[in-house]
Amino acid sequence: MNTPIWDFVRKYADSDATRLHMPGHKGKGVLLDFEKYDITEIYGADSLFDATGVIKESEKNLSTLFDTGASFYSCEGSSLCVRAMLYLARLNTGESRGYILASRNAHRSLISASALLDFDIEWLYQPSEDSYLKCEITPEALQKKLGECAKKPFCVYVTSPDYLGNIADIKGLARVCEENGTLLVVDNAHGAYLRFLESDMHPITLGAHMCCDSAHKTLPALTGGAYLHISKKAPTELASCAKDALALFATTSPSYLILSSLDKVNEYLDTSYKERLASFIARLSALKARLATYGYEIMDTEPLKIVIRATSYGYTGEELGAEIEKHGLVWEMRDKDFLVLMLTPENDENDLNKIERAFSKIERRAKITHPVLDFAPPKRAMSIREAVMSRKETLPIKEARGRACARICTFCPPAVSLVVAGEIINDSIIDALEFYGFDTIEVCK
Ligand SMILES: Cc1ncc(COP(=O)(O)O)c(C=O)c1O
2 MNTPIWDFVR KYADSDATRL HMPGHKGKGV LLDFEKYDIT EIYGADSLFD
52 ATGVIKESEK NLSTLFDTGA SFYSCEGSSL CVRAMLYLAR LNTGESRGYI
102 LASRNAHRSL ISASALLDFD IEWLYQPSED SYLKCEITPE ALQKKLGECA
152 KKPFCVYVTS PDYLGNIADI KGLARVCEEN GTLLVVDNAH GAYLRFLESD
202 MHPITLGAHM CCDSAHKTLP ALTGGAYLHI SKKAPTELAS CAKDALALFA
252 TTSPSYLILS SLDKVNEYLD TSYKERLASF IARLSALKAR LATYGYEIMD
302 TEPLKIVIRA TSYGYTGEEL GAEIEKHGLV WEMRDKDFLV LMLTPENDEN
352 DLNKIERAFS KIERRAKITH PVLDFAPPKR AMSIREAVMS RKETLPIKEA
402 RGRACARICT FCPPAVSLVV AGEIINDSII DALEFYGFDT IEVCK
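Count along the sequence shown from 1, then add 1; that gives the number in my numbering.
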């Protein structure tokens, strides 16, 4: 697979052209030594949101790799793609406000999309005995919910995989969405690599209409590099309006360092990545099995994460994280219950051995049992947009009872928001926020 963006950037960087254009470092490498590759949309370099040249060619490569109707680059992560996807989904129905159904394990970019675009979110709660907010939305539950909706949502929005590596039944959810005449939009920020598993589990393959992938999370792209994918079966307007949708929220100065890395990732994916991934996952699975023999409870998650329920080994996630730091291991996420490690085939044998050595040295303690929080889903006082745009004050948690939350969201384990902007803070939320260590919260004035 060719690399048109990188070829242009490298050629330009190696030429003796005098740079009479932005950026201000002029490619001289005075500060960081790689400035020569950091160019802007000069003649020949194409234009990200009006692509006709090297970027268009590279995005075509991306679309071929993921077998999509169309695929687009973002230099501002999946966060940008999430806003664009919501804009496109609503555009497809022609509504002015409208609402969506969404699982609550959503990233804050969904809430900010709601504030910017002014649509409502009806949350799909699925209470269960081991978590105050279980986000596993089944096709049956979705079918029931859609059957009860007087007016159809302009899309169903699912986060899969989530921060804890849980994967939704995208195939089943897509079928239900099709039967009910709505779109399935997936936040696949953690799952770009799913396309290259022996059995392809990428959301587009499984039937989603749109999804975003953070190429920088699980592929070797530079931080910020992400994809917006639109499936072949999606209404044609989604692909034809996608660039405008991205441009609506994005900077006009995209990073060519990131674009070059996204371009090179295509070549990387096209060159025996699938085999390397399969071999790495086999070694990682074997490591997980060995960690289980030491007594660790390893959660059944997407293959590139190691998610450990730290409490059953006698530690909070924070404590277990601190233990492995002593061995030079840097975790991705930890909370009161879990420790999350993210790996890719770029982690070598040495890394895997280091992980095993570290965990084998940690002494097992008596299991920690947290009380299961009795969570009452909050009622809404005003729209997310109204709350985000309102004046705010910060109150001690206990004094916030009955007030409307002004924070975009309050991420609590397992990366699920207890309360989001515009919702009324009730007693169970106060208890839960205190349990998770919040002292204060911003409320609407
Ligand atoms: C589930 C989920 N969605 C979206 C995002 C945003 O991705 P990005 O950092 O690429 O903007 C994140 C970031 O951590 C995430 O965890």
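From the three backbone atoms N, C-alpha and C, an ideal C-beta is built for every residue, glycine too.
Check whether residue i and residue j have beta carbons under 8 Å apart
| i | j | result |
| --- | --- | --- |
| Asp214 | Ala193 | yes |
| Phe197 | Lys289 | no |
| Leu263 | Ala190 | no |
| Glu199 | Phe155 | no |
| Phe360 | Leu247 | no |
| Ile112 | Val444 | no |
| Val157 | Ile101 | yes |
| Lys153 | Leu125 | no |
| Arg11 | Ile409 | no |
| Ile398 | Glu435 | yes |
| Leu174 | Leu143 | yes |
| Thr345 | Thr219 | yes |
| Ala388 | Cys406 | yes |
| His210 | Val186 | yes |
| Asn62 | Asn267 | yes |
| Asp432 | Arg402 | no |
| Leu229 | Lys172 | no |
| Lys393 | Lys446 | yes |
| Leu81 | Ala222 | no |
| Phe439 | Thr395 | no |
| Ile43 | Leu49 | no |
Residue i (DSSP reduced to helix, strand or coil)
| i | result |
| --- | --- |
| Glu96 | coil |
| Pro140 | helix |
| His328 | coil |
| Ser384 | coil |
| Ile171 | helix |
| Ala71 | strand |
| Cys178 | helix |
| Phe250 | helix |
| Thr411 | strand |
| Ser80 | helix |
| Cys242 | helix |
| Ala227 | strand |
| Glu443 | strand |
| Thr395 | strand |
| Ser1 | Given that the chain is displayed from residue 2 to residue 446, the structure contains no residue 1 and the question cannot be resolved. |
| Met202 | coil |
| Ile369 | coil |
| Ile472 | Beyond the ends of the chain as shown, which are 2 and 446, falls residue 472; an answer cannot be given. |
Same chain, Cβ closer than 6 Å to residue i, neighbours up to 5 away in sequence not counted
| i | result |
| --- | --- |
| Gly166 | Thr302, Glu303, Lys306, Val308 |
| Ser256 | Cys76 |
| Ser313 | Glu298, Lys368 |
| Lys233 | Gly70 |
| Ala116 | Ile385, Arg386, Val389 |
| Arg335 | Gly318, Glu319, Gly322 |
Burial state of residue i (16 or more Cβ within 10 Å)
| i | result |
| --- | --- |
| Met23 | exposed |
| Ser286 | exposed |
| Asn351 | exposed |
| Gly318 | buried |
| Gly322 | buried |
| Pro372 | exposed |
| Arg84 | buried |
| Ala377 | exposed |
| Leu32 | exposed |
| Leu66 | buried |
| Val331 | exposed |
| Phe35 | exposed |
Residues that residue i bridges to, as DSSP identifies them
| i | result |
| --- | --- |
| Val308 | Val341 |
| Ile101 | Ile122, Cys156 |
| Ile425 | Ala405 |
| Asp188 | Thr160, Cys213 |
| Arg11 | According to DSSP, which records beta bridges pairwise, Arg11 is partnered with nothing at all. |
Chain-order list of residues whose beta-carbon lies under 7 Å from that of residue i (same chain, five-residue window excluded)
| i | result |
| --- | --- |
| Cys88 | According to the sequence as given, residue 88 is Tyr; it is not Cys. Leu118, Ala246, Leu249, listed in sequence order. |
| Glu333 | Val341, Leu342, Met343 |
| Ser64 | Ala71, Ser72 |
| Arg284 | Leu353 |
| Gly225 | Cys76, Glu77, Gly78, His217, Ser256, Ile259 |
Beta carbon proximity, residue i to chain B, threshold 8 Å
| i | result |
| --- | --- |
| Tyr44 | In the structure shown, chain B cannot be found, because there is only a single protein chain. |
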